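Q: Mind the numbering: the sequence shown is residues -2 to 496 in my numbering, read in order.
Dropping the structure in here first, questions after.
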Amino acid sequence: MSNTILKSPLNTTDSGTWLRGNLHTHTTISDGAENPQTMIQSYADLGHDFLFISDHDSLADYSNLDPCGLILIKGNEVTASGPHILDVGAKVLVPATPDRQTVINQINTESGFAVLNHPNNTFSQNHYPYELMLELKDYTGIEIFNAKALSSAGSHLGLNRWDRLLAEKGMVWGFANDDSHDLSIVGSAWNVVWAKDKSGDAILEALKNGSFYASTGVEIIQLEVKNSKVHVVTANADKIIVVGKYGKRLFESNGHELIFDTSECLSPYLRIECYGSGEKMAWTQPIQIANGLSNILQDNLNENPTYSVSRVEIEPNMTGKTVDPLWDSIQPSRDFMSASNPKAQTMQTNFKAVFAQEKLFLSIYCEEPELDKLRMNVKDNGNPKTWTDDSVEIFLDLDHTGKDYFQIMLNAAGYYACSSFDSKRKEPLIIKTKVAREENAWTLEISISLANLGLHFPLGKEFGFHIVRNRKIGLFTSSLWTYVGESNHSPRFYGTLTI
Ligand SMILES: [Zn+2]
Ligand SMILES: [Zn+2]
């Protein structure tokens, strides 16, 4: 296993220069209150470096205007007949075809690049239905902040959409724009590129490649990635937060600087949010974590282990112990892995299984050097809190459909609870359990009767199967036979028992 490598679209160890600008501006050419020259002057007064005037469905020529020191880059907001798309660095006026994929394709082939605007605008926060954002291809980013939407229906933020898209679609960049229609919100939000030089081409290249951050007031001075570490220095953040897959908060640090080591990070990517005074913020683009823990987890997720169950004539003599002539002759499963970190050492856990007289018998071994500390608060069968003790949970998908399953929880005292998540079979399974203690281990045997379930058991029949061990001594940890991702209730990821 080689080391974690970070892929950041912005890395200030590369040579470059910071340049700031707004990509979303309206003027009297469409529905704005001010003429283009006034808007240019007001952005120049802010000290911005570049400006895109992006009137609705029009691409005006500003070459006769005074740029007031700004680099002016052409833009257009494709508006009519559907949700709005910014054509950043527009070269031609792309028609506002209702099929937005056609618009994006034309932007990409003939014009600039595409940004989906204010996704949470409108009363239902649904200017862009999420399914459409997922389905559309080849756009560069979305607006994660749109200042105009502060005073219109819906939310000015698009972070919920961004986090889902990053988890489910891939890398799209987050932009913060004014969408100014008058002078009142000029300078509310902007994007800061780390560009090779101070030219329109270099700015466009940086924006397209994600070499920028979005801001409403926090200034990032440095963003470096080296090996597994991210180092961010800001001028004015009070708190910096690392955000992972689906918006999960991974780490937070007070002050203006953050160093975060991703080598124990379970997310395949991260992004960084910087919080300053008032509502000042900055958002970096996502940084991908290659060769990290999430890659190992993904490999495990795809692996789907199989265990061959021996058929025996005579049922095991249920003592709870793993040592007897029958179990001695049976191969154990592979060792369980930590649910939270597949590289971590865990207490050894494994199982053996046999099939006899239409019953599935399991013998489960749980290494435990601190047997006197076992938590066994549940003292009755059928208790839904059984999992809160030192326990195992067995998940059995009898039809191997990846949909329906039974869950059986058993604590170290032998009390059990069975729940059916099987649409065809609401009755709990008939179960017998026996627990025992061995040197540095607690062990159990369980018989699960599969008679009277309307099943047949031809040779090679498969069940979906998963076992979790919950250890409650010290830090609460779980270990798994099959890595199932976010939840044990994910039968499509279960392993397979073959009888
Ligand atoms: Zn718009
Ligand atoms: Zn607009």
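Note that CB positions come from ideal geometry on N, CA and C, so glycine has one too.
All values reported here derive from a predicted model rather than from experimental measurement.
Tell me, please, which residues DSSP counts as bridged to V227.
A: V222, F257, per the DSSP bridge assignment.
Q: Can the beta-carbon of Q177 be found closer than 8 angstroms to that of V183?
A: The amino acid occupying residue 177 in the given sequence is Ser; Gln does not appear at that position. The answer is yes: Cβ separation under 8 angstroms.
Q: By the DSSP assignment, the beta strand (DSSP E) with Y266 in it spans what residues?
A: Where Y266 is concerned, the enclosing beta strand (DSSP E) stretches over 266 to 272.
Q: What three-state label does DSSP hand I327 in the structure shown?
A: Note: I327 maps to coil in three-state DSSP.
Q: Could you spell out the range, first to last residue, of the alpha helix (DSSP H) harbouring N157?
A: N157 -> alpha helix (DSSP H) spans 156 to 165.
Q: Apply the 10 Å Cβ neighbour rule to N492 and answer buried if 16 or more other Cβ atoms are within range, or exposed otherwise.
A: Before going further, note that residue 492 is Gly rather than Asn in the sequence given. Buried, by the Cβ-count rule.
Q: If contacts are defined as beta-carbon pairs under 8 angstroms, then S51 and L20 qualify, I think. What distance do you get, rounded to the angstrom?
A: Yes, S51 and L20 are in contact; Cβ-Cβ is about 7 angstroms, under 8 angstroms.
Q: Would S108 pass as a contact of A87 if the rule is Cβ separation under 8 angstroms?
A: Going by C-beta atoms, S108 is nearer than 8 angstroms to A87.
Q: Give the straight-line distance between the Cα atoms of P116 and G273, rounded to the nearest whole angstrom.
A: Roughly 25 angstroms separates the two Cα atoms.
Q: Can you find the residues in the same chain that come closer than 6 angstroms, C-beta to C-beta, to N118, ignoring five residues on each side of it along the sequence?
A: The residues are H124, A146, G151.
Q: Which parts of the segment 300 to 364 are runs of the beta strand (DSSP E), unbroken and 3 residues or longer, counting only runs that do not cross its ends?
A: The qualifying runs are 303 to 305, 346 to 353, 356 to 364.
Q: Which residues have a Cβ closer than 7 angstroms to any heavy atom of ligand 1, listed in chain order?
A: Result: E74, T76, H81, N114, H115, D176.
Q: Report the three-state DSSP secondary structure of S250 (helix, strand or coil).
A: If DSSP states are grouped into helix, strand and coil, S250 belongs with the strands.
Q: Since R268 and I284 should fall inside the 8 angstroms C-beta cutoff, what is the C-beta to C-beta distance between them, to a whole number of angstroms?
A: That belief holds up - the Cβ atoms of R268 and I284 are roughly 7 angstroms apart, short of 8 angstroms.
Q: What separation, rounded to the nearest whole angstrom, lies between the Cα atoms of Y59 and I70?
A: In a straight line, the C-alpha of Y59 is about 9 angstroms away from that of I70.
Q: Express the C-alpha separation of A409 and N374 in angstroms, rounding to a whole number.
A: Taking the straight line joining both Cα atoms gives about 10 angstroms.
Q: Would you mind stating whether V85 and F47 have Cβ atoms separated by less than 8 angstroms?
A: No; because the gap between Cβ atoms is not below 8 angstroms, this pair is not in contact.
Q: With respect to the alpha helix (DSSP H) encompassing I286, which residues constitute its N-terminal and C-terminal limits?
A: First-last for I286: 284 to 287, but that is the beta strand (DSSP E), not the alpha helix (DSSP H).
Q: Verify the contact flag: H253, CB atom, against every heavy atom of ligand 2, threshold strictly below 7 angstroms.
A: Answer for H253: no, Cβ out of range of ligand 2.
Q: Please confirm if the segment 297 to 306 is in contact with the segment 230 to 243, defined as three or more CB-CB distances below 8 angstroms between the two stretches.
A: Touching, no, given that fewer than three Cβ pairs across the two stretches are closer than 8 angstroms.
Q: CA-CA distance, V503 and V389?
A: Given that the chain is displayed from residue -2 to residue 496, the structure contains no residue 503 and the question cannot be resolved.
Q: Whose CA, out of V222, S181, E254, lies closest to the CA of V215?
A: Nearest C-alpha to V215: E254.
Q: Quickly, what does DSSP pair W384 with across the bridge? List them, please.
A: Looking at the DSSP assignment, W384 forms no beta bridge with any residue, so it has no partner.
Q: Just to confirm the assignment, what range does the beta strand (DSSP E) spanning I444 have?
A: Residue 444 is actually Ser in this sequence, not Ile. Per DSSP, S444 belongs to the beta strand (DSSP E) from 438 to 446.
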